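To keep things clear, I will list the structure first and then write my remarks on it.
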Amino acid sequence: MIDNLVFIILPYAAATLFVVVTIQRYVRKGFTYSSLSSQFLETRELFYGSVPWHIGILGAMFGHLIGFLFPSQVLWFNGVPARLYVLESTGLLFGLMCLVGIVSLIARRLTSPRIRAVTSKVDVLVLVLLFVQVALGVYVALFYRWGSSWYAASAVPYLRSLFALEPDLKMIAPLPLAVKLHIVNAFLLAAIFPFSRLVHMLVVPIHYLWRPYQLVVWNWNRRRLRGRAPWPKTETSGAVAPAGSEPAPSGRTIAAR
Amino acid sequence: MDVRLQISMVFHLDKCIGCHTCSIACKNVWTDRKGAEYMWWNNVETKPGTGYPTAWEDQEKYKGGWEQKNGQPELKMGGRVLRVLNVFHNPNMPTMDDYYEPWTYRYEDLFNAPEGADQPTARPISMVTGRPIDIEAGPNWDDDLGGSPVYAANDPNLDALTPEQRQEVFDLERLVFFYLPRICNHCLNAACVAACPSGAIYKRGEDGIVLINQERCRGWRMCVTACPYKKTFYNWSTGKSEKCILCFPRLETGQAPACFHSCVGRIRYLGALLYDADLMLEAMSVADDKLVEAQREMILDPFDPRVCEEALKNGIDDRTIEAARRSPVYRYVKQWKLALPLHPEFRTLPMLFYVPPLLPVMAKTDDGLYDTANQELFSPIEKARLPMEYLARLFSGGNIEHVRLALKKQYAVRLFKRLETVGDLDPAQVHRALEQVDSNEEEAEQIYRLTSLPTMDERYVIPPMHREEAMQMLNDDLWEEKGEAGIGFHERATRGA
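Going down the list, the sequences are from chains H and Y.
Going by this note's numbering, the letters in the first sequence line up with residues 417 to 673, in that order.
Going by this note's numbering, the letters in the second sequence line up with residues 860 to 1356, in that order.
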């Protein structure tokens, strides 16, 4: 019964919240999408928290994603012990970086009065859940060895069954409690994700790498205007584009911005 | 030729009395709210001095602006890959301590304190933490402290002076300072725009105002580092960056920005400049001492028929061109060469120009006494207390000739008017003075008029912004909107879903 609740109902509820609220918030309250950086108030301790945290969590999440997407390849890769050791210790390293980072970040938030002034209840909840998640992850990595292999063989089939809308708890039923808690906590994180500052990871500025440096925004379609008779000599100059120019942008969407 | 329009500004420093009215006007209109208390989109600094934030001109510390790297302009804070990697922790981010921690006072204690032997006091309270604080810095902490060994001596621009000159500036009898009001320069090659990973900062094509889209800003805070003038600010409460918006809602309704409107000394001028955007890369790539010249080259003559033709082609209408012809900024910057950009060596092509201050006009003398009866022309300029090297460091990328001309010309105008009103000068000498600065009586009279007696309409020539036409450009068929809830609504006023 409890298994059904936390391994079937909870993930679907979390996923629904994640998708619906994330989109709704982006559309209706786009202003609130921010990293909510507090570096302006305190920068030194942030370095020792934020940098290891982000490197660690990116590595750890990427590892989980690879295992989820290519379980059989991971199992094949782990077939050679040396490779298994490398993979496991890399994962553990990322986990430890997360742990160092999150502990530093929590300490910073507790000790700096300025940072406390910009700490919300959701921030506290996020920090607690992330700490629990990372602590469980590192614990599992240390005491239930070769997780990269058994993750691919037990948790991945379960996660995939969730995506297939045919939840199958067979494979995870025998897993140790720490692993189960790790999974449940992940669902909780997904559930509060859209209500928290975590949404900043959806707006990571990758497109910056190839956009031009200077941005100029025109109220009108400039190229169209260049091909037009100079204002205000002709009758049609107001709005009608001459033949051959590119079509007008959809006015409504731009006006709404 | 790619003709574009820029709403541009001139601050006449010879007229600034350092009253901070502009700062207060701006504060009351825009930044009197949580997270923005520490922001002064407009501030007035004492020079020599360290300014706000402290020593903002020291780019070895703040890494603002551009530099030439392998013949290419690149942000001093590094390339774009580095910037994306640094979103976790920006190594060059100024913190609140570089500005100051905003505070208020617990005024209610004056009334509510229990009766006792001591006089009740209003303790200073941090507006961030709400706790009592010791005030260690403020937005004008070095106000009027020119000559002070603590503040003025740390002015990064003093490195342009020889040790002897430095010594003189700090001699008690000769100490000297002037005021430098600063707002966003609305640069052509804005470093904040280039550094924004989200692409939230942009220049408005129609008038050149640089704005931050608050909905797209994600608080990566690279603009704070990138702006060499430190005029983008991070709102610590909302997690968004903010900056001077040149009061565009006022401009669009034909009013001058609040800081301009409230200027007591009437030092501020605002008007349109036409410029050739094709020359931009060239203008920002020349050597430091050529930057002023190159930027002036970009500015186009609104009386030139070819320029007007190209402007019309680019959608700048003739009423706006008409405004550009009456622009006081065009006269000060291009025609009279009196106004210079602040720190052009940051290579952002700033579009706020300063007329360097003439004060103090008295010649310094060796025996410590003032000697005003100097027969030499322009000796008050050459022997001014504030060395021209200092002004050149501020306003012309180290090129002393631009500063010298601007100061000499102002002085020649004074001589010309003195001859006219007092009549105690030799007319031949006055005319020689005007000739030396490539000027004439007619121009001197015009400079005098616009400097001393301008009406509000002459100081602020605001071109019609035509937002109504912008709307027309967006919607091909405005009749579509007729009978609707109004233009600009986010959705149609339909019944039900």
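Glycine included, C-beta positions come from ideal geometry on N, C-alpha and C.
In this text, all values refer to a predicted model and were calculated from it rather than measured experimentally.
Within 7 Å, strictly: CB atoms of residue 904/Y and residue 1034/Y: Looking up residue 904/Y in the second sequence gives position 45. Looking up residue 1034/Y in the second sequence gives position 175. Not in contact: residue 904/Y and residue 1034/Y (Cβ atoms no closer than 7 Å).
Hey, does residue 510/H have any beta-carbon neighbour from chain Y nearer than 7 Å? Sequence index remark: in the first sequence, residue 510/H carries index 94 (1-based). Interface residue (Cβ-Cβ distance to chain Y less than 7 Å): residue 510/H is not classified as such.
To the nearest angstrom, how far is it from the Cα of residue 963/Y to the Cα of residue 986/Y? Looking up residue 963/Y in the second sequence gives position 104. Looking up residue 986/Y in the second sequence gives position 127. If you take the alpha carbons of residue 963/Y and residue 986/Y, they lie about 6 Å apart.
Reference residue 1042/Y; option with closest CA among 965/Y, 917/Y, 900/Y, 1003/Y: Here residue 1042/Y refers to the residue found at position 183 of the second sequence. Out of 965/Y, 917/Y, 900/Y, 1003/Y, 900/Y has the C-alpha closest to the C-alpha of residue 1042/Y.
Taking the continuous alpha helix (DSSP H) assigned at residue 1132/Y, which residues delimit it? For the purposes of this step, residue 1132/Y is taken as the residue at position 273 of the second sequence. Per DSSP, residue 1132/Y belongs to no alpha helix (DSSP H); it is in the beta strand (DSSP E), 1127-1135.
Does the distance from the C-beta atom of residue 1130/Y to that of residue 1187/Y stay below 7 Å? One-based indexing of the second sequence puts residue 1130/Y at position 271. One-based indexing of the second sequence puts residue 1187/Y at position 328. Yes.
Output yes if chain H places a C-beta closer than 7 Å to the C-beta of residue 951/Y; else output no. By one-based count along the second sequence, residue 951/Y stands at place 92. Not an interface residue.
Once you ignore the five residues that flank residue 426/H on each side, which residues in its own chain have a CB closer than 6 Å to its CB? Looking up residue 426/H in the first sequence gives position 10. So the qualifying residues of the chain are 603.
Could you check whether the Cβ of residue 867/Y sits closer than 7 Å to any Cβ belonging to chain H? Within the second sequence, residue 867/Y is the residue found at index 8, counting from 1. Taking Cβ atoms only, chain H never reaches closer than 7 Å to residue 867/Y, which makes this a no.
Does DSSP classify residue 1286/Y as helix, strand or coil? Residue mapping note: residue 1286/Y aligns to position 427 of the second sequence, counting from 1. DSSP places residue 1286/Y in the helix class (H, G or I) of the three-state scheme.
What is the rounded straight-line gap between the Cα of residue 464/H and the Cα of residue 457/H? Stepping through the first sequence from its first residue, residue 464/H is reached at position 48. Stepping through the first sequence from its first residue, residue 457/H is reached at position 41. Answer to the nearest angstrom: the Cα atoms are 15 Å apart.
What whole-angstrom Cβ distance do residue 924/Y and residue 1050/Y have, given they're in contact under 8 Å? Working through the second sequence from its first residue, we reach residue 924/Y at position 65. Working through the second sequence from its first residue, we reach residue 1050/Y at position 191. Contact flag correct, Cβ pair sits at about 5 Å.
Please check the pair residue 936/Y and residue 920/Y, which I expect to be a contact at CB under 8 Å, by giving their CB distance rounded to whole angstroms. Taking the first residue of the second sequence as position 1, residue 936/Y is located at position 77. Taking the first residue of the second sequence as position 1, residue 920/Y is located at position 61. Between residue 920/Y and residue 936/Y the Cβ distance is about 12 Å, and since that is not below 8 Å, they are no contact.
Taking only beta carbons into account, state which residues of the segment 435-451 of chain H come closer than 7 Å to chain Y, listed in chain order. 446, 447, 449, 450, 451
Nearest-angstrom Cβ-Cβ length linking residue 1154/Y and residue 1070/Y, presumed shorter than 8 Å: Locating residue 1154/Y in the second sequence gives position 295, counting from the first residue. Locating residue 1070/Y in the second sequence gives position 211, counting from the first residue. Actually they do not touch by this definition, with Cβ atoms about 22 Å apart.
Could you give the C-beta distance for residue 912/Y and residue 1172/Y, rounded to a whole number, given that I count them as a contact under 8 Å? The count along the second sequence starts at 1 and reaches residue 912/Y at position 53. The count along the second sequence starts at 1 and reaches residue 1172/Y at position 313. Contact between residue 912/Y and residue 1172/Y does not hold, since the beta-carbon distance rounds to 43 Å and is not under 8 Å.
Quick check on the DSSP output: the alpha helix (DSSP H) that includes residue 600/H runs from which residue to which? Your numbering for residue 600/H matches position 184 in the first sequence. Taken as a continuous stretch (DSSP letters only), the alpha helix (DSSP H) holding residue 600/H covers 593-608.
Check whether the Cβ atoms of residue 1315/Y and residue 459/H sit closer than 7 Å, and answer yes or no. As a working note, residue 1315/Y is residue 456 in the second sequence. As a working note, residue 459/H is residue 43 in the first sequence. No, the pair does not count as a contact, with Cβ atoms beyond the cut-off.
Within 8 Å of chain H by C-beta, residues of the segment 1019-1050 of chain Y in sequence order: 1048, 1049
Give a yes or no on whether the minimum CB-CB distance between residue 634/H and chain Y is below 7 Å. Counted from its first residue, the first sequence places residue 634/H at position 218. At least one chain Y Cβ lies under 7 Å of residue 634/H.
Cα-Cα separation between residue 1269/Y and residue 1105/Y, rounded to whole angstroms: As a first step, residue 1269/Y is located in the second sequence; it is residue number 410 there, counting from the start. As a first step, residue 1105/Y is located in the second sequence; it is residue number 246 there, counting from the start. The straight-line gap from Cα to Cα measures roughly 28 Å.
From residue 895/Y to residue 1091/Y, what does the alpha carbon distance come to, in whole angstroms? Numbered from its first residue, the second sequence carries residue 895/Y at position 36. Numbered from its first residue, the second sequence carries residue 1091/Y at position 232. Approximately 11 Å between the Cα atoms of the pair.
I need the straight-line Cα distance from residue 1267/Y to residue 1237/Y, nearest angstrom please. Translated into positions along the second sequence, residue 1267/Y becomes position 408. Translated into positions along the second sequence, residue 1237/Y becomes position 378. Distance between the alpha carbons of residue 1267/Y and residue 1237/Y is about 7 Å.
Can you round the beta-carbon distance between residue 451/H and residue 1095/Y to whole angstroms, since I take them to be within the 8 Å contact cut? Taking the first residue of the first sequence as 1, we reach residue 451/H at position 35. Taking the first residue of the second sequence as 1, we reach residue 1095/Y at position 236. 13 Å between Cβ atoms; not a contact.
Span of the beta strand (DSSP E) around residue 1091/Y: Here residue 1091/Y refers to the residue found at position 232 when the second sequence is read from its first residue. Looking at the DSSP string, the run of the beta strand (DSSP E) that includes residue 1091/Y is 1091-1094.
From 864/Y, 1285/Y, 1016/Y, residue whose alpha carbon lies closest to that of residue 1246/Y: Counting from 1 along the second sequence, the entry for residue 1246/Y is found at position 387. Answer by Cα proximity: 1016/Y.
Nonlocal neighbours in the same chain, by C-beta distance under 7 Å from residue 902/Y, ignoring five residues either side: On the second sequence, position 43 is the one that residue 902/Y refers to. Contacts found: 882, 911, 998, 1041.
How far does the beta strand (DSSP E) with residue 928/Y in it extend, from its first residue to its last? Counting from 1 along the second sequence, the entry for residue 928/Y is found at position 69. Element bounds for residue 928/Y: 925-928.
Chain-ordered neighbours of residue 1010/Y on chain H, where CB pairs are closer than 7 Å: Along the second sequence, read from residue 1 onward, the residue named residue 1010/Y stands at position 151. The contacting residues do not exist; residue 1010/Y stays about 24 Å from chain H at best.
With a cut-off of 8 Å on the beta carbons, I'd call residue 564/H and residue 507/H a contact; round off their distance for me. Position 148 of the first sequence, counted from the start, is the residue given in the question as residue 564/H. Position 91 of the first sequence, counted from the start, is the residue given in the question as residue 507/H. Correct: roughly 6 Å between the Cβ atoms.
DSSP has residue 870/Y in a bridge; who is on the other side? If you number the second sequence from 1, residue 870/Y lands on position 11. The partner list for residue 870/Y (beta bridge, DSSP) reads 1127/Y, 1213/Y.
Whole angstroms is fine: what's the gap from residue 538/H's alpha carbon to residue 473/H's? As a first step, residue 538/H is located in the first sequence; it is residue number 122 there, counting from the start. As a first step, residue 473/H is located in the first sequence; it is residue number 57 there, counting from the start. Distance between the alpha carbons of residue 538/H and residue 473/H is about 19 Å.
Runs of beta strand (DSSP E) wholly within the segment 924-1002 of chain Y (minimum 3 residues, chain order): Whole beta strand (DSSP E) segments, 3+ residues: 925-928, 931-934, 962-964, 983-985.
Using only CA atoms, which one of 1138/Y, 1012/Y, 871/Y, 1024/Y lies nearest to residue 860/Y? Residue 860/Y sits at position 1 when you count from the first residue of the second sequence. Residue nearest to residue 860/Y within the set 1138/Y, 1012/Y, 871/Y, 1024/Y is 1138/Y (criterion: CA-CA distance).
Could you tell me whether any Cβ in chain Y is nearer than 7 Å to the Cβ of residue 519/H? Stepping through the first sequence from its first residue, residue 519/H is reached at position 103. No, residue 519/H lies away from the interface with chain Y (no Cβ there is under 7 Å from its Cβ).
Hey, is residue 841/Y's beta-carbon within less than 7 Å of any beta-carbon in chain H? Absent from the structure is residue 841/Y, since the part of chain Y shown begins at 860 and ends at 1356.
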